[in-house]
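Peer 1: Just remember that this note's numbering sits 2 ahead of the position in the sequence shown, which is counted from 1.
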Amino acid sequence: MDDASIEGEILLRHVLGISRARLFADLDGDVSPHQEKTLMELVARRVRGEPASYITGRREFYGLDFIVNPHVLIPRPETELLVEKAINLCRKNSYSKIADIGTGCGVVAISLAVNLPEKTIYAIDISSSALEVARENCRIHKTLDRVILLEGDMLEPLPGPVDLIIANLPYVRGTDISNKGELSFEPRLALDGGEEGLDKIKKLCLQAGKKLCKNGSLLLEIGQGQAEALKNDLHNIFPSALIEVERDLAGIERMVCLSLT
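1. State buried or exposed for ARG24, treating a residue as buried only when at least 16 other CB atoms are found within 10 Å of its CB.
2. Going by C-alpha distance, which of LYS94, SER113 and TYR56 is nearest THR81?
3. Assuming PRO159 and ILE126 form a contact by the criterion Cβ under 8 angstroms, report the distance between their Cβ atoms to the nearest whole angstrom.
4. So, for GLU248: in the same chain, excluding its five sequence neighbours on each side, which residues have a beta-carbon less than 6 angstroms away from its beta-carbon?
5. Rounding to the nearest angstrom, what Cα-Cα distance links SER96 and ILE168 in this structure?
6. Return the residue from the list SER186, CYS207, ILE179 and GLU43 that minimises the CA-CA distance to ASP194.
7. Please tell me whether ARG137 and LEU118 are closer than 7 angstroms, where the distance is taken between their beta carbons.
8. Is the beta carbon of LEU232 less than 7 angstroms from the beta carbon of LEU260?
9. Count the other CB atoms within 10 Å of the CB of ASP165; is the residue buried (16 or more) or exposed (fewer)?
10. Going straight from the alpha carbon of SER7 to that of ILE142, what length do you get?
11. Using beta-carbon positions only, say whether ALA27 and HIS73 come within less than 7 angstroms of one another.
12. Looking at CYS92: is its Cβ nearer than 7 angstroms to the Cβ of PRO163?
13. In its own chain, which residues sit with a C-beta less than 6 angstroms from the C-beta of GLU255, not counting the 5 before and 5 after it?
14. Please tell me whether GLY108 and ASN71 are closer than 7 angstroms, where the distance is taken between their beta carbons.
15. Could you have a look at SER261 and say whether DSSP puts it in helix, strand or coil?
16. For LEU75, which of helix, strand or coil comes out of DSSP?
17. Inspect the beta-carbon positions of LYS121 and ILE100 and report whether they are closer than 7 angstroms.
18. Who does ALA46 pair with in a DSSP beta bridge?
19. Can the beta-carbon of ALA54 be found less than 7 angstroms from the beta-carbon of GLU11?
20. Would you say MET156 and LEU191 are within 7 angstroms of each other, going by their C-beta atoms?
21. Here's the rule: buried if 16 or more other CB atoms are within 10 angstroms of the residue's CB, otherwise exposed. What is LYS94?
22. Which two residues bound the contiguous alpha helix (DSSP H) that contains LEU193?
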């Protein structure tokens, strides 16, 4: 099934208010004239470039359903690699405190809280509007007692050191953000990584040394072609740390993992 077919199905299910299983179990079900009109209106919005997730207000991530709106970046499938790696690190090293920087709608922090119920997770964002969305998602997934939402810049709001810092910060080059297409609908604050796309990531790395516990780890999502430059910067900041790069399913270098030794 191609992307257009998948998105068409998502919009249809949204209009009908039914699950995927219900849709395929009743393919001959009736669609009312009102539902048909609504569907055509949503399709027209999608044709104009508006992302399907903003149209429906929902996005699936790591097997969970999340609320999204134009105040937050739409979660990407490749970010699930960060969550998987973080879960493995926490279980292997018995990490207890985690910080999710640039939490947006909270998908990373909440996915970790659901899968690691005994951990404390700080979810930080500079946008109060994004944190409102994250709070609602925490309420839906019953994680408000374990996900501590903090407003502020990077690591500044953290009350103390943590074992793991995980971040999906803006890494798109400013000149690559077009005023047309899907990216134009998403908050520029959550996309623009500066001239080379690494400005905010580098800022976080410079702060991380004072906020990581001994034997702590730093997980960073990056864009295509950014791994080597970031590795060099990290080696300068953390000369004795172990630094690894992992690829996503498309073979793109997508995540940098730094472990203090």
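Using N, Cα and C, we set each Cβ at its ideal position, and we do this for glycine too.
Peer 2: Result, derived from the coordinates:
1. Classification for ARG24: exposed.
2. Nearest of LYS94, SER113 and TYR56 to THR81, Cα basis: SER113.
3. Cβ-Cβ separation between PRO159 and ILE126: approximately 6 angstroms, consistent with a contact (criterion under 8 angstroms).
4. Cβ within range, chain order: MET257.
5. For SER96 and ILE168, the distance between alpha carbons rounds to 16 angstroms.
6. It is ILE179 whose Cα lies nearest to the Cα of ASP194.
7. It is not a contact, given that the beta carbons lie outside the stated cut-off.
8. No, Cβ-Cβ distance for LEU232 and LEU260 is not below 7 angstroms.
9. With 16 or more other CB atoms across the displayed protein chains lying within 10 angstroms of its CB, ASP165 is buried.
10. Taking the straight line joining both Cα atoms gives about 29 angstroms.
11. Cβ atoms of ALA27 and HIS73: not closer than 7 angstroms.
12. The Cβ atoms of CYS92 and PRO163 do not sit closer than 7 angstroms to each other.
13. Cβ within range, chain order: ALA229, VAL247 and ARG249.
14. No, Cβ-Cβ distance for GLY108 and ASN71 is not below 7 angstroms.
15. Per DSSP, reduced to three states, the secondary structure at SER261 is strand.
16. Coil at LEU75, not helix or strand.
17. A contact, by the Cβ cut-off of 7 angstroms.
18. Paired residues: none, contrary to the question.
19. The Cβ atoms of ALA54 and GLU11 lie no closer than 7 angstroms to each other.
20. For the 7 angstroms CB-CB criterion, MET156 and LEU191 do not form a contact.
21. With fewer than 16 other beta carbons inside 10 angstroms of its own, LYS94 counts as exposed.
22. In the DSSP annotation of this structure, LEU193 is not part of any alpha helix (DSSP H), being labelled neither H nor E.
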